[in-house]
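In our numbering, the protein residues as written are 1 to 184.
Backbone N, C-alpha and C define an ideal beta-carbon position, used for all residues, glycine too.
Model, not experiment: these values are computed from the prediction.
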Amino acid sequence: MKQLIDFIPLIIFFVLYKTHDIYVATMALIVAIPFQIAFMWWKYRKVEKMHLITFAMVAVFGGLTIYLQDEDFIKWKVTIVYALFAVVLLGSQLMGKPVVKAMLGKEITLPEFVWRNLNLAWTGFFSICAVLNVYIAFHLPTDVWVNFKVFGLLIATFVFTILSGVYMFKYMPKEEEPKTPESE
């Protein structure tokens, strides 16, 4: 349920872009995210930092998009968010405290090198997404960029998450089988 709520502003943006234009869709996105945050607070009594960062970025870049009637600003938001993720992950790596381990380490036990590799892999993933967004946003039509933002990045993140899970599974401690009288 929680993950579905994360996609509602994106769905609203996509539908209104397809039925109206980038400016109406951006305005709807700016309005939808505070409702999303309020709902999350009401339902779970917690607001994730990611939602607040997203709202701040959308408010600033979306506001500039609407005020200046220049769609480039909302396109930059995606790049900046992904670049910010990459910088935070890389910074945590350099400080010896991978963010990926901080997020998942309470539930999953893995060797330190695996946490470092995952952290670096996600740093690379977010860096590539940021660069791809710049290319697609500023070298291809806005229609292509919206489809990339909504579907391309979502599918890429899903696939990379699965690949990360497969990699982690390989290094998870194996549970010992219970001893039976026949195995002794």
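Nearest neighbour of threonine 54 by Cα position, chosen from Ile74, Lys170, His139, turns out to be Ile74.
With fewer than three CB-CB distances shorter than 8 Å, the stretch 107-115 does not count as touching the stretch 41-59. Look at arginine 45 here: in three-state DSSP terms it is coil, with no helix or strand label. Leucine 68 and leucine 140 have their C-alpha atoms roughly 21 Å apart. Annotated three-state conformation of leucine 132 is helix, per DSSP. Scanning Leu64, Pro111, Lys101, Gly63 for the CA closest to the CA of tryptophan 122 turns up Lys101. Taken atom to atom, the span from the alpha-carbon of aspartate 143 to that of valine 134 is near 14 Å. Residue burial is scored here from C-beta neighbours: phenylalanine 39 has fewer than 16 other C-beta atoms within 10 angstroms and is therefore classed as exposed. Around the beta carbon of glycine 62, 16 or more other beta carbons lie within 10 angstroms, which makes this residue buried. Separation of methionine 172 and leucine 163 (C-alpha to C-alpha, rounded to the nearest whole angstrom) is 14 Å.
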